[in-house]
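Just so you know, the sequences run in chain order A and B. With the first sequence counted from 1, adding 39 to any position gets you my numbering. With the second sequence counted from 1, adding 14 to any position gets you my numbering. Backbone N, C-alpha and C fix where the C-beta goes; we use that ideal spot for every residue, glycine too. To start, the structure itself, in structure tokens.
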Amino acid sequence: MTRMEHSPGVPAGSHGSTGQAAAQQRADLHDGVPPTRYRLLRRKIVALLLGVAVAPLCVLTVINYQIYQTIVAKEFEAPLRALVSKTKNSFELFFAERTSAVSFIASAYPVEKLSDDKALADIFEVMRQKFSGFVDMGFIDERGRQVSYVGPYDLKGKDYADQPWFREAALHGSYITDVFTGLRKFPHIAIVVRQLGNDGKWWTLRATVDTRQYERLIAAMGISPDSDAFLLNKHGILQTDSTYYGALLQPIPFPMPRTSYETQVVDFKTTDGQAALMAYVYIPDSEYVLMAIKPKGAAFSTKGLFRADLAILLVASVLLILLVAYKLTGDLVARLKQSDERRELAFRHVEHSQKLSSIGRLAAGVAHEINNPLAIINEKAGLMKDLLALEPEFPKKDRFIKQIDAIAAAVARCRNITHRMLGFARQMDVNIESIQVNDVLKETASFLERESAYRNIELSLSLTEGLPAIESDRGQLQQVFLNMLNNAFAAVNDGGAIAVATWRQDDDTVGISIKDNGCGMSEEVQRHVFEPFFTTKKGTGTGLGLSISYGIIKRLGGDIALTSKPNLGTTFTILLPVAHGQGGVQS
Amino acid sequence: MTLDRDKWRILLVDDEVEFVSTLAERLSLRDIEPEVVHDGQEALARIHARAPHVVILDMFMPGMKGLDVLRTLRFSHPQVQVILLTGHGATRDAMEGMRLGAFDYMVKPINIDDLLKKITEAMDAAGFTA
């Protein structure tokens, strides 16, 4: 079989069904869709897909990062908080123990003993053995004068009436001072206890404690070298040395945090701008605040928090999405492009058909009007030739006959032209009705019975009974069958054979074959036989018969093919759909 | 078989006067003396008066069309053989004529020899042998 892939026909129903939108679409298609439009479309789809797919992924990653950051922060913060709380307890215990000791002495010993230097020294010695850090102790009467004193300095008789701690003790009963240098010229604190004597007079017992005890407690925190811990009073004055924020009794270079007797951890910026955590607590029943500052350091940096596995997963996911989106959109856009191209082709076919239809109608009118005068010219020329033939002595007879033959040849050319034009016109009209293929074939064959009889050609019909009626154009099918049969008659010699057969190809298709045992065709001829104006009948054929037949069969939704062997014959096979418009028949 | 063409009764029906008169003259040069009429009604009247052997009938004429004449003739004079002439070249109409019983059809402009051949065949079909 050859040539099943001839250019498709155009459905007759598509003529004139063009709206404004379709016209615009056609105009667009005519201009052609620029490749940049597909590229832009592809980029947009890829961007959209990436946006839809990657955005949630990124949000999840950010959330994960933040959760991770929070966990790390808590893990970082908790030990610091615990350390400060523990040290605060140590300080509380330190103050409580020493205040209790002083209070115990004040309540356990009579005024007489306490006001006696020797007795006070004995008591103090016992206390020092039990509690470390005590430097000295003194008994102060109600006027603020130190009556007795035990310690390394000469402070007996000193008047403390104007000292703030004296007044605070008078107010609160006991008092622990801030660190101060005082008369001793070295940092220390005083624990002051006020007591009412049996004689109704108030007296005060005062013991000083070396603040090196503070340093020991803070050192026991065991903080890292980049961190800092220190004690300060509520006014922000350092009560111990700070590694980074000043020396003893210097003010800290940042505002005091809000009062809290529970350990608090807050974000903090170090003096060099480093992110850090500050843990602090106000120590109850004292003027002290314990504070620790720890830089967040590398563990808290973005790099530290950035998890490589998560990053790889994110990048891999994005790459995969990008790859899939790129591939999918590539396929999608390619299909869209193909679809556009097919649509463009279809529109061009419709437009071409509309043009042909217009030309065909015009041609039909022109051909009809020209054929009659052409016939007159033909007959007149013929008559002239006839008359000349009767005049043997007519001067220049041969020359006249030559001229008349030229007129006849020109008429024949015109006839071919008008027939072609009419052929075009006829192709455009489709009239669908329910028909029996066998009936159409029988009728068409009957037109040629006479010729077959004269030429002794065996024209046999082998038509399958019970074929379904098909929806098709009777006139056009008849034209096709007549073309096929005429070709077969032209191909066979007198005495040849032509066989017509029908069968049911499948539920939706009916098959017809027209077989002759004529001269057959070469492969070269077979390749071109359906092309318009291709003919082997030099001088007599228009070269349109098979081309028009092909167009008609295609337009009716069918297919046509041939097999041929030189000197053996040719078989044309036509497949027709049972229902019109059910799509092209596949052979 | 000899051909006594002068005894053949041929009727030419065509509204193109120049065409049909010239064709008639050419046929007469070939020993056929056709009668000529220019419309369908006149043709039927002539046939009723004296039936020809063969009618050469143009399909497209003003007034009564060739196919109408053919339909009437099939009913009234089925023995008369009809050769259809068409200037339109539409096989569909010619097919209709063939279905109605026309002997054959020819497309204008015609070849006189082809016409003679068809007339001879038609005469043969009409059973006229001389």
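Item                                                                                                                                     : Value
Close beta carbons around phenylalanine 307(A), own chain, < 7 Å, minus the five adjacent residues each side                             : Ala315, Leu316, Met317 and Ile332
Minimum Cβ-Cβ distance from isoleucine 133(B) to chain D less than 7 Å                                                                   : The structure shown contains no chain D; its protein chains are A and B.
Top-ranked residue by Cα proximity to valine 539(A), from Leu367(A), Phe520(A) and Lys436(A)                                             : Phe520(A)
Counted within 10 angstroms of its Cβ, other Cβ atoms place serine 281(A) as buried (16 or more) or exposed                              : buried
Boundaries (first-last residue) of the alpha helix (DSSP H) holding lysine 481(A)                                                        : 476-486
Span of the alpha helix (DSSP H), counted from its first residue to its last, around glutamate 135(B)                                    : 126-139
Alpha-carbon spacing of glutamate 114(A) relative to threonine 216(A), whole angstroms                                                   : 36 Å
Start-to-end residues for the beta strand (DSSP E) that takes in glycine 608(A)                                                          : 608-616
Residues of the stretch 418-441 of chain A with Cβ closer than 8 Å to any Cβ of chain B, in chain order                                  : Glu418, Lys419, Gly421, Leu422, Asp425, Leu426 and Leu429
First and last residue of the uninterrupted alpha helix (DSSP H) at tryptophan 204(A)                                                    : 203-211
Contacts around valine 450(A), its chain only, beta-carbon distance under 8 Å, and the 5 residues preceding and following it disregarded : Leu413, Ile416, Asn417 and Ala420
Contact check, lysine 127(A) vs isoleucine 360(A), beta carbons under 7 Å                                                                : no
Glutamine 93(B) versus aspartate 546(A): straight-line alpha-carbon distance, rounded                                                    : 45 Å
Contact under 7 Å by Cβ, arginine 60(B) with valine 51(B)                                                                                : yes
Contact the stretch 606-617 of chain A vs the stretch 71-83 of chain B: 3+ CB pairs below 8 Å                                            : no
Counted within 10 angstroms of its Cβ, other Cβ atoms place phenylalanine 37(A) as buried (16 or more) or exposed                        : Missing from the structure shown is residue 37(A); chain A here goes from 40 to 626 and no further.
Start-to-end residues for the beta strand (DSSP E) that takes in isoleucine 70(B)                                                        : 68-72
The stretch 599-608 of chain A touching the stretch 18-32 of chain B, judged by at least three CB pairs closer than 8 Å                  : no
Within-7 Å CB hit, isoleucine 24(B) to chain A                                                                                           : no
Distance, serine 266(A) Cα to glutamine 289(A) Cα                                                                                        : 19 Å
Reduced DSSP secondary structure (H/G/I, E/B, other) of alanine 61(A)                                                                    : Only weak support exists for where alanine 61(A) lies, its pLDDT of 49 falling under 50; the value from the coordinates is given anyway. Alanine 61(A): helix per DSSP, three-state reduction.
Minimum length 4: unbroken alpha helix (DSSP H) runs contained in the stretch 528-578 of chain A                                         : 562-567
Presumed contact (8 Å Cβ cut-off) between alanine 25(A) and valine 98(A), rounded CB distance                                            : As shown, chain A starts at 40 and ends at 626. That puts residue 25(A) outside it, with no answer to give.
Complete runs of the beta strand (DSSP E) confined to the stretch 90-118 of chain B [at least 3 residues]                                : 95-100
Beta-carbon contacts of alanine 599(A) that lie in its chain and below 6 Å, excluding the five residues immediately before and after     : Rather than alanine, the amino acid found at residue 599(A) in this sequence is isoleucine. Once the five neighbours on either side are set aside, the close Cβ partners of isoleucine 599(A) are Tyr589, Ile592 and Ile613.
Contact test: leucine 487(A) Cβ vs the ligand ADP heavy atom, cutoff 6 Å                                                                 : Ligands in the displayed structure: none, and consequently the ligand ADP is not present.
Exposure of valine 531(A), with buried meaning 16 or more beta-carbon neighbours within 10 Å                                             : buried
First through last residue of the beta strand (DSSP E) which encompasses leucine 641(A)                                                  : Nothing can be reported for residue 641(A): it is not among the residues displayed for chain A, which extend from 40 to 626.
Within-7 Å CB hit, lysine 79(B) to chain A                                                                                               : no
Three-state class that DSSP yields for methionine 166(A) in the structure shown                                                          : helix
Meets three-Cβ-pair contact criterion under 8 Å: the stretch 160-180 of chain A and the stretch 233-253 of chain A                       : yes
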